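Chains as they are written, first to last, in the numbering used here: chain A, 17 to 646; chain B, 1371 to 1551.
Virtual Cβ for every residue (Gly too), placed ideally from N, Cα, C.
Note that the structure is predicted; figures quoted are calculated from it, not measured.
Down below is the structure, laid out as structure tokens.
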Amino acid sequence: MALLQISEPGEATAPHQHRLAAGIDLGTTNSLVATVRSGAAAVLEDEEGEAIFPSVVRYGNDGVSAIGRQAREQAAEDPYNTISSVKRLIGLSAEDIAASSASMMFQLVETDSTVPRIRTDAGPKTAIEVSADILKSLKARAEQSLGGELGGVVVTVPAYFDDTQRQATKDAAKLAGLNVYRLVNEPTAAAIAYGLDRQETDSTIAVYDLGGGTFDISILKLERGVFEVLSTAGDTALGGDDIDQALVSWFVGEHDITVGEDAALQRSLLDQARAVKHQLTDANEAQFQIEYQDKSYCSSLSLETFRSLVHVLVDRTLKSCRGALRQAKLKKTDIDNVVMVGGSTRVPIVRQMVSEFFDQDVLTDINPDEVVAVGAALQADVLAGNKPDSDMLLLDVNPLSLGIETHGGLVEQIIPRNTTIPVARAQEFTTFKDGQTAMALHVVQGERDLVRDCRSLGRFELRGFVPAVAGQARIQVMFQVDADGLLTVSAIEKISEVHAEVQIKPSYGLLDAEIETMIRDSMTHAEQDVAARMLQEQRVEAERTVAALDAAMSRDADEFLTASEKQKILDAREYVVQSGKSDDAEAIKNALRELESVSEVYVARRMNASVGETMTGKNIDSYQKQDNPS
Amino acid sequence: METDNFNFEQNYFELFDLPVSCEIDAAKLRENFMQMQRQYHPDRFAAASSTERRRAVQIASHINGAHQTLDVPLKRAEYCLQLAGLSTDSETDAKMDSMFLMQQMELRESLEEISSASDPYKALDSAREDIDSQIKTTQAETSECIAQQKYDEARESIRRWQFLEKLAEEANSIEAQLDDA
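Dropping the structure here:
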């Protein structure tokens, strides 16, 4: 006779193995990782009790030399090798970056690749690799804290991220050895953290996210488990750092201090500004005080003055809020909940002004730095299957329309924005010439009518169909968008049932056969015409290059190079060293160019060996042919 | 595997357990749609094998596609006709009654005049009202024709409906232009 089985009501009788899952908020300034333990979601801290992990990586000759808080603290010592705000670059082409404000923050290596590389002592790094290094640290923290390997993670992305940026984020996670259950929009994660997905009635939610360096406002519609992003707006150059800067400007103005290039002074001013800002959270007055050149400067900052300084900045965010409402065709009164995200929303005046703008209390109960990671953790827990009884279902929509280029550079929409995903659409094409056996398609993303106003996702060549009279071939192209919003394309020639061979040239993605051909000198700043400075820079550059080369060659020169190739590089190296002793910037530059040119092969082989296995290939894989499901 | 049971051969109405008709129980459609997504959404298979995950994406896409078709009245009517074996391809040549064409031209003219009206938003609202009321009438006609299996007449009526929806879209883009100005 069987013994009675005792189980909790509603609990599955089959033993369920609890999978370790985490939510990761991969932010521009800071990142966090959170998990659900004993039913409650909480962020994970490092040994020193810090949950916030600055998204900063410093590279040395041997790779990552410092990361997180340590890297941020050392940033001033080695600005060129310390990469921060890399999220501003992810999924962008070199031209995109050149056109954005981010161009000032990074030294890009000129390459033939569609994926830009940042110059570091550890070699050129893509934004994907830098993000992967950050994710690796968060993964290690989670696994150490949970005592086991992570089954999977939810990574959050801004709601406005397009296909390329989402794909790049997912690639970074893959490169970090993470299994991504799902990419979730940041504002959606914040709403989940507040349990807004469990409300009975439909609601419209505004998520106000004021981070360190960026501001985002998103309007979401939540209809019984379906999250729809109605609109997003924001300012990529506005954040809490501007509040600190405003305080510094005020103080400097009060005392007539000339800060100039003095990094130490700048630093202590900013530290003091932050301290004052924190004090004013619950005080009416704070002392702004610094010691400088044996003198002590002190001013008392009243809450009133502070308000007037912050007011201007918050007004700029409210302008974006108005824009987002207009785009969503909503009035302020249509908003049911306002969720506050980002450390800067702790400042009472910010809360107050946002609350007044939307004419309601704003949601601030959950730590605004942690709310996105917490929501991601809750979703990760559900996806890991740890809540078998949960009927929580997060349906998302396609954030931007997908279309293809037609005659005259016009876009034909295939999948409109705000279509619930996953979704598949088939479109039939035919040949327009007799005997045609191939066809090219250009896939774009965006809301505009002209191809040139949209973002190019990739070009597809369909080859190998049976030659026939024009208009007779029936090529069905299937566009599949998965639950993460990522597109795959497959094609079939329907009459012959022959799968067309799909060749893809992703516009900004990494290519399988991509070869790093050259690393050129990117130091072409026009304004640097001062010869001395040029010379100094070239010398530093020469030292750096030689050091990087030596480090690399001591490791694997024999693995990648023949004896004669190696000798050539060593000769060029010697030439750099010798010209480095001269006062001729141009000569050093030429020597370096020569060295870079002869080590091209070596660099390419090393890059391929280290990057190749993990980073390339996915674009092709994800476009592999599939049978038409219907 | 859980995903093996899914039947791709069912028509969209069968899929959501609804009778084939232009008039549907919207609440039931919604409820059954959510029920199916709860069962087959890829998130349910986040920790499953890659084969099962891929199948879940296909199934969930199919369910979403079916829902998007039945959820929109015009698409639903077109689908009814398609199930009856008739094409609603707007490129097929068909005669339009002259009365309807006249109305069309008037509506189009009133849309064109909006931007120069003294109160463009008011003009837009009134044009929209016209279009919407005509859509309602056409929708009712279509529905009745299909119920009575008068498919040729239904096709005519759907073609008029398609025209009207295009006008409604134009009205929306005019509004966007007004907002941006």
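Asked	Found
ILE1394 (chain B) by DSSP, collapsed to three states: which one?	coil
Check the Cβ of GLN496 (chain A) against every Cβ in chain B and list those closer than 9 Å, keeping chain order.	VAL1427, GLN1428, SER1431
Give the secondary structure of MET455 (chain A) by DSSP, where H, G and I count as helix, E and B as strand, and everything else as coil.	strand
Name, please, each residue of chain A whose Cβ falls closer than 8 Å to the Cβ of MET1404 (chain B).	ARG240, GLY241, LEU409
At a Cβ cut of 7 Å, what residues of the region 163–177 of chain A count as close to chain B, listed as they run along the chain?	GLY167, GLY168
Closest Cβ-Cβ distance between ASN1434 (chain B) and chain A: below 7 Å?	yes
In whole angstroms, what separates the C-alpha of SER81 (chain A) from that of ALA110 (chain A)?	26 Å
Which residues, in chain order, does the region 418–443 of chain A contribute to contact with chain E at a C-beta distance below 9 Å?	No chain E appears in the structure shown, which is made up of the protein chains A and B.
Is DSSP giving GLU543 (chain A) helix, strand or coil here?	At GLU543 (chain A), the pLDDT of 35 sits below 50, so the modelled position is not reliable; the number obtained from the coordinates is stated separately. Three-state result, GLU543 (chain A): coil.
Helix, strand or coil: how does DSSP classify CYS314 (chain A) here?	strand
Taking its Cβ as the centre, do 16 or more other Cβ atoms sit within 10 Å of CYS314 (chain A), making it buried, or is it exposed?	exposed
Compute the Euclidean distance between the alpha carbons of THR422 (chain A) and ASP78 (chain A), then round it to the nearest angstrom.	49 Å
Which residues in the same chain as GLU610 (chain A) place their Cβ atom closer than 7 Å to its Cβ, once the five residues preceding and following it in sequence are excluded?	ALA588, TYR591
Using the rule of at least 16 other Cβ atoms within 10 Å of the residue's Cβ for burial, across every protein chain shown, is LEU1 (chain A) buried or exposed?	The question about residue 1 (chain A) has no answer, for chain A in this structure spans 17 to 646.
Please list the terminal residues of the continuous alpha helix (DSSP H) segment that includes MET1472 (chain B).	1468–1483
Give me the Cβ distance between LYS293 (chain A) and LEU263 (chain A), rounded to the nearest whole Å; I'm assuming they're in contact under 8 Å.	7 Å
Between which residues of its own chain and MET1472 (chain B) is the CB-CB distance below 6 Å, once the five residues before and five after are set aside?	none
Based on the DSSP secondary-structure assignment, which residues constitute the bridge partners of SER247 (chain A)?	A:ILE235
Starting from the Cα of VAL330 (chain A), find the closest Cα among A:GLY227, A:TYR210, A:LYS403, A:LEU246 and give me that residue.	A:GLY227
Leaving out five residues before and five after SER100 (chain A) in sequence, what residues of the same chain have Cβ atoms less than 6 Å from its Cβ?	VAL72
Chain A beta carbons: is any one of them nearer than 7 Å to that of GLN1407 (chain B)?	yes
With respect to the beta strand (DSSP E) encompassing MET121 (chain A), which residues constitute its N-terminal and C-terminal limits?	Element bounds for MET121 (chain A): n/a, residue is neither H nor E.
Measuring CB atoms only, is the region 1388–1402 of chain B touching the region 1410–1423 of chain B, in the sense that at least three cross pairs come out at less than 8 Å?	no
Name the chain B residues that come within less than 7 Å of GLY487 (chain A), Cβ to Cβ?	The contacting residues do not exist; GLY487 (chain A) stays about 14 Å from chain B at best.
In terms of DSSP beta bridges, what is PHE495 (chain A) paired with?	A:ARG441, A:VAL505
Have a look at ALA542 (chain A) and ASP500 (chain A) and give me their C-alpha separation to the nearest angstrom.	Residue placement at ALA542 (chain A) cannot be trusted, given a pLDDT of 31 that sits under 50; the coordinates are not used to answer.
What does GLY401 (chain A) reach in chain B if we use C-beta pairs closer than 8 Å?	ALA1416, ALA1417
So with Cβ pairs under 7 Å, would you call PRO1412 (chain B) a contact of chain A?	yes
Rounded to a whole number of angstroms, what is the C-alpha to C-alpha distance between ALA87 (chain A) and THR136 (chain A)?	14 Å
Does the structure place the region 148–164 of chain A close enough to the region 200–215 of chain A that three or more beta carbon pairs sit under 8 Å?	no
Beta-carbon within less than 7 Å of TYR1521 (chain B)'s beta-carbon, same chain only, minus the 5 sequence neighbours each way: which residues are those?	LEU1451, ALA1454, LEU1456
Give the residues of chain B in contact with TYR197 (chain A), contact being defined as C-beta atoms less than 9 Å apart.	ASP1413, ALA1416, ALA1417
Extract the residue ranges of the alpha helix (DSSP H) inside the region 83–119 of chain A, only unbroken runs of 4 or more that lie entirely within it.	85–89, 110–115
Using CA atoms only, rank isn't needed, just tell me which of A:GLY76, A:GLY419, A:ALA607 is closest to PHE476 (chain A).	A:GLY419
Contact between the region 185–196 of chain A and the region 377–397 of chain A: three or more CB pairs below 8 Å?	no
GLY628 (chain A) by DSSP, collapsed to three states: which one?	With a pLDDT of 45 at GLY628 (chain A), under the threshold of 50, the modelled position of that residue is not reliable, and the figure given next carries that caveat. Note: GLY628 (chain A) maps to helix in three-state DSSP.
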